[in-house]
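To start, the structure under review is shown below, and the notes come after it.
Protein chains: 2
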Amino acid sequence: MRKFLGITVFLLATTSIPTQSQTATKSLAERLGYARDAKLVIVHADDLGMTHSVNAASIKGLESGLVTSASIMVPCPWFPEIADYAKAHPEVDFGLHLTLTSERVFYRWGPVAPEDKVPSLVDSNGYFHLNWTETTRIDAKEVELELRAQIERALAMGVRPTHLDSHQYRLFENGKDIFQSVLHVAHEYKLPVFMVRDWFAERPYLESSMSPNDLVVDHTVTIEPGVPPEKWNDFYTTALKNLQPGVTVFIIHLAIDDEEMRAATRERDTWGAAWRQRDFNYFTSAEFRTLVREQNIKLVTWGELAHTAK
Amino acid sequence: MRKFLGITVFLLATTSIPTQSQTATKSLAERLGYARDAKLVIVHADDLGMTHSVNAASIKGLESGLVTSASIMVPCPWFPEIADYAKAHPEVDFGLHLTLTSERVFYRWGPVAPEDKVPSLVDSNGYFHLNWTETTRIDAKEVELELRAQIERALAMGVRPTHLDSHQYRLFENGKDIFQSVLHVAHEYKLPVFMVRDWFAERPYLESSMSPNDLVVDHTVTIEPGVPPEKWNDFYTTALKNLQPGVTVFIIHLAIDDEEMRAATRERDTWGAAWRQRDFNYFTSAEFRTLVREQNIKLVTWGELAHTAK
Chain D
1 MRKFLGITVF LLATTSIPTQ SQTATKSLAE RLGYARDAKL VIVHADDLGM THSVNAASIK
61 GLESGLVTSA SIMVPCPWFP EIADYAKAHP EVDFGLHLTL TSERVFYRWG PVAPEDKVPS
121 LVDSNGYFHL NWTETTRIDA KEVELELRAQ IERALAMGVR PTHLDSHQYR LFENGKDIFQ
181 SVLHVAHEYK LPVFMVRDWF AERPYLESSM SPNDLVVDHT VTIEPGVPPE KWNDFYTTAL
241 KNLQPGVTVF IIHLAIDDEE MRAATRERDT WGAAWRQRDF NYFTSAEFRT LVREQNIKLV
301 TWGELAHTAK
Chain Z
1001 MRKFLGITVF LLATTSIPTQ SQTATKSLAE RLGYARDAKL VIVHADDLGM THSVNAASIK
1061 GLESGLVTSA SIMVPCPWFP EIADYAKAHP EVDFGLHLTL TSERVFYRWG PVAPEDKVPS
1121 LVDSNGYFHL NWTETTRIDA KEVELELRAQ IERALAMGVR PTHLDSHQYR LFENGKDIFQ
1181 SVLHVAHEYK LPVFMVRDWF AERPYLESSM SPNDLVVDHT VTIEPGVPPE KWNDFYTTAL
1241 KNLQPGVTVF IIHLAIDDEE MRAATRERDT WGAAWRQRDF NYFTSAEFRT LVREQNIKLV
1301 TWGELAHTAK
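Line by line, the protein sequences give chains D and Z. For what it's worth, my numbering labels the leading residue of the first sequence as 1, then goes sequentially. For what it's worth, my numbering labels the leading residue of the second sequence as 1001, then goes sequentially.
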């Protein structure tokens, strides 16, 4: 999640230019058995494992049938709760939300790998850096070590991930070496990485690093801080009414606006408790369910995409 | 907290037998400026840092003036929140609740020291063992390493501890080597360790390991699973009306009975969300405040004791 090509995804209207290989071969939609102009949507909840509030809301979203996929933060304190749920519900589409930052001020976490093996990833107190800035020097080898540790813990605790993605998009936004680390790991575990064709123009290393068999979705939509609370539903409704053909991933953040979530996110409102409650309200609403039907949107999962790609 | 000499502390009525040194020198109460038969009480909240719910309730308890002291779990996810509070409130009596077990099933934590430096302390997934059993082999050198790491993180993040104690009493109940590890560290940092004269009879290594200058309180009271919820207040009221002379430490566990706390403790009721809400209700009540006055109880802190011992 977060701020990736913020303006582009906010405007939504960018049309991807088909590449030579795209026009010559079947589109992802066609490979899934749909028409070339079908509108396929993955409704994807991020940040599972972060708090109990996030877990509880995301499980409700998934069980409503309107949220089709989610990804889990292995280093977080509530990972055991969601791992237990994933193990008991192998039919639910869970990926791993690979996490190398601890983001929040009053509630924090650190690496799964031994801290002394990943010194560039932690601050002086042993937590993941809150975020990466221009002065944070990250060692791509340590990134790879930590990603493997996260995947191994998930597998050991019964999660069978369908895909990988990246908390705060750190693995995609921070240069070729770090992106290649995640690709190495993804190829090793035979898992697709969340990657969007619309991102290639701004960061050419993304496309050049990928191999021909890597899965690429067409578009993504995520709400950004510019949207006032009273325009929340309008934003999503407009996005759904203006979908482009192909596979679009809606990246959403679900939680209950309760004491735990308010405390965990209290240093700023963005992606905070109220934000996440608004996402929860919209994506479990009758309004959203009706729009999906009216717009002839096909809700799909990462598992279906990955299966098709093989 | 937990089950230490459960029956003895539950019965409460054991009278300590004064040792030669005690009769020859001033008692702890006298050294604090009170009469030899004065009834001094530390009302001590355990487990701060465990959840936001525990932090919020414990801060309310401390700010009521009726809870006089508390101790903090450094490895826990909400440690940064309570460290921030401790740093901003240096007048509040905080110790460190040294933690080597993760206790709960769906919400867990691991060591502060690099995991590969303390292999005997962690399970196959890298978390602290839920608890230590007879088959858990714990390396006392690793215990010492981890305790230093917890104290160093606390100091680095602005906590100025007045004392040390032990989550689930693991450091006291598991033999001489492990108890000596905590004493080494306590002496190095010049901090008193929670130690009760009433415990010596059952575990002689506790007394024999201590040096003459180590602080020892007289009695402790903690509620145990045998007490039904409707008898909660009676238990504490009886204990307060039957206090022995000297320093008695009430070990209590405060939290709000909310979604986070219920989820974090849902695998069993003992020391669960409702238990902790009952403790909170009693120790912030007018009933308790009145009893303290009527019984001529002096509420004291670990800081006062430690200052006196010097």
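Beta carbons are placed, not taken as given, at the ideal position from N, Cα and C, and that holds for glycine. Predicted model, so just to flag it, every value in this text is computed and none were measured.
Closest residue to residue i among the options (Cα-Cα distance)
| i | options | result |
| --- | --- | --- |
| Ala345(D) | Pro119(D), Ala154(D), Ser124(D) | Beyond the ends of chain D as shown, which are 1 and 310, falls residue 345(D); an answer cannot be given. |
| His187(D) | Glu259(D), Asp214(D), Asp234(D) | Asp214(D) |
| Phe1094(Z) | Thr1248(Z), Pro1192(Z), Glu1144(Z), Thr1270(Z) | Pro1192(Z) |
| Pro80(D) | Ala1086(Z), Ala1029(Z), Asn1296(Z), Tyr1127(Z) | Tyr1127(Z) |
| Thr1237(Z) | Phe1200(Z), Leu1147(Z), Tyr1282(Z) | Tyr1282(Z) |
| Val1159(Z) | Arg1036(Z), Leu1048(Z), Asp1116(Z) | Leu1048(Z) |
| Leu1155(Z) | Lys1087(Z), Ala1263(Z), Lys1241(Z), Val1249(Z) | Lys1087(Z) |
| Val1221(Z) | Asp1177(Z), Thr1248(Z), Glu1230(Z) | Thr1248(Z) |
| Glu1146(Z) | Val1185(Z), Ser1124(Z), Tyr1169(Z), His1163(Z) | Val1185(Z) |
| Glu1232(Z) | His1253(Z), Pro1212(Z), Asp1218(Z) | Reading the sequence as shown, one finds Trp at residue 1232(Z) and not Glu. Taking only the C-alpha atoms, the option nearest Trp1232(Z) is His1253(Z). |
| Thr133(D) | Phe106(D), Leu121(D), Ala38(D), Glu144(D) | Leu121(D) |
| Phe106(D) | Ala1070(Z), Ala1056(Z), Met1261(Z), Thr1290(Z) | Ala1056(Z) |
| Arg197(D) | Met210(D), Leu96(D), His44(D) | Met210(D) |
| Trp1199(Z) | Lys1190(Z), Glu1173(Z), Val1182(Z) | Glu1173(Z) |
| Ile178(D) | Met195(D), Ala263(D), Glu202(D), Ile138(D) | Ile138(D) |
| Ser1053(Z) | Thr1284(Z), Val1217(Z), Val1092(Z), Ala1273(Z) | Ala1273(Z) |
| Ala1286(Z) | Ala1035(Z), Asp1123(Z), Pro1077(Z), Gly1065(Z) | Gly1065(Z) |
| Gln1180(Z) | Pro1075(Z), Leu1164(Z), Tyr1205(Z) | Tyr1205(Z) |
| Ile42(D) | Glu152(D), Asp218(D), Lys176(D) | Asp218(D) |
| Glu103(D) | Thr284(D), Trp275(D), Trp271(D) | Trp271(D) |
| His1097(Z) | Gln1168(Z), Ala1263(Z), Leu1240(Z), Thr1265(Z) | Gln1168(Z) |
| Phe1280(Z) | Gly1033(Z), Arg1036(Z), Ala1035(Z), Glu1063(Z) | Glu1063(Z) |
| Gln1148(Z) | Arg1276(Z), His1129(Z), Glu1230(Z), Thr1099(Z) | First, the amino acid is wrong: residue 1148(Z) is Arg here, not Gln. Ranking the options by Cα distance to Arg1148(Z), first place goes to Thr1099(Z). |
Residue environment, residue i, which counts as buried when at least 16 other CB atoms sit within 10 Å
| i | result |
| --- | --- |
| Thr1068(Z) | buried |
| Glu267(D) | exposed |
| Ser1058(Z) | buried |
| Glu294(D) | exposed |
| Thr301(D) | buried |
| Gly1246(Z) | buried |
| Asn1242(Z) | exposed |
| Asp1258(Z) | buried |
| His1307(Z) | exposed |
| Thr1101(Z) | buried |
| Gly226(D) | exposed |
| Thr162(D) | buried |
| Ala45(D) | buried |
| Gly1061(Z) | buried |
| Lys1026(Z) | exposed |
| Leu183(D) | buried |
| Gly110(D) | buried |
| Lys39(D) | buried |
| Leu305(D) | buried |
| Thr1051(Z) | buried |
| Asn1131(Z) | exposed |
| Pro1228(Z) | exposed |
| Gly175(D) | exposed |
| Glu166(D) | One point to set straight first is that residue 166(D) is Ser, not Glu, in the sequence displayed. Buried, by the Cβ-count rule. |
| Ala83(D) | buried |
| Thr1265(Z) | buried |
DSSP beta-bridge partners of residue i
| i | result |
| --- | --- |
| Leu1299(Z) | Val1041(Z) |
| Ile251(D) | His44(D) |
| Gly246(D) | Lys39(D) |
What are the uninterrupted segments assigned as alpha helix (DSSP H) that are 4 or more residues long and contained completely in the region 1157-1206 of chain Z, given in chain order? 1170-1173, 1176-1189
Segments assigned alpha helix (DSSP H), at least 4 residues, entirely inside the region 1056-1138 of chain Z: 1079-1088
Would you list, in sequence order, the uninterrupted alpha helix (DSSP H) runs of no fewer than 4 residues that lie entirely inside the region 204-242 of chain D? Taken in chain order, the whole alpha helix (DSSP H) runs of length 4 or more contained in the region 204-242 of chain D are 204-209, 232-241.
If the cut-off is 7 angstroms on Cβ atoms, which residues from the region 153-169 of chain D count as contacting chain Z, listed in chain order? Arg153, Ala156, Met157
May I ask you to list, following chain order, the residues of the region 1065-1082 of chain Z that have a beta carbon less than 7 angstroms from some beta carbon of chain D? Pro1077, Trp1078, Pro1080, Glu1081
Taking any Cβ of chain D, which residues in the region 1249-1282 of chain Z have a Cβ under 8 angstroms from it, in chain order? Ile1256, Asp1258, Glu1259, Glu1260, Ala1263, Ala1264
Beta carbons nearer than 9 angstroms to chain D: which residues of the region 1114-1134 of chain Z have them? Pro1114, Glu1115, Asp1116, Lys1117, Ser1124, Asn1125, Gly1126, Tyr1127
Closer than 8 angstroms between beta carbons: that is the criterion. Which residues of the region 1294-1307 of chain Z meet it against chain D? Residues of the region 1294-1307 of chain Z with a C-beta atom less than 8 angstroms from some C-beta of chain D do not occur.
Give the residues from the region 47-63 of chain D that approach chain Z closer than 9 angstroms (Cβ to any Cβ), ordered along the chain. Thr51, His52, Ser53, Asn55, Ala56
Check distances from the C-beta atoms of the region 1091-1107 of chain Z to those of chain D and list, in chain order, the residues that come in under 8 angstroms. Val1105, Phe1106, Tyr1107
Can you pull out the residues from the region 1189-1208 of chain Z whose beta carbon lies closer than 8 angstroms to at least one beta carbon of chain D? none
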